[in-house]
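Scroll down for the structure; my scribbles are underneath it.
Residue numbers (full-length UniProt numbering): 1 to 69.
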């Protein structure tokens, strides 16, 4: 049981790291002009994170419904 919880935690950490890097690369200006995120970057990150979680949940549901081998 502990092994499954550990794997789940590793999966969540990996997902968070990929989500962070993907949305940052997509949404944040490469040459920082401001110390804070601007409205466009903030909106882009919000949409990116939302889509990432939606897809992750859909894939998780699909994998959960697969027949066991």
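We treat Cβ as the ideally placed atom computed from N, Cα and C, and that holds for glycine.
Predicted model, so just to flag it, every value in this text is computed and none were measured.
Following the DSSP letters along the chain, one finds residue 65 in no alpha helix (DSSP H), marked with neither H nor E. Within the same chain, and ignoring the five residues on either side of residue 44 in sequence, the residues whose Cβ sits closer than 6 angstroms to its Cβ are 27. Rounded to the nearest angstrom, the gap between the Cα atoms of residue 25 and residue 8 is 26 angstroms. Taking residue 19 as the centre and dropping the five residues before and after it, the same chain places the C-beta of 49 and 52 closer than 7 angstroms to its C-beta, in chain order.
Each residue's CA atom was taken as its position, placing residue 57 and residue 13 some 15 angstroms apart. The three-state secondary structure of residue 28, taken from DSSP, is coil.
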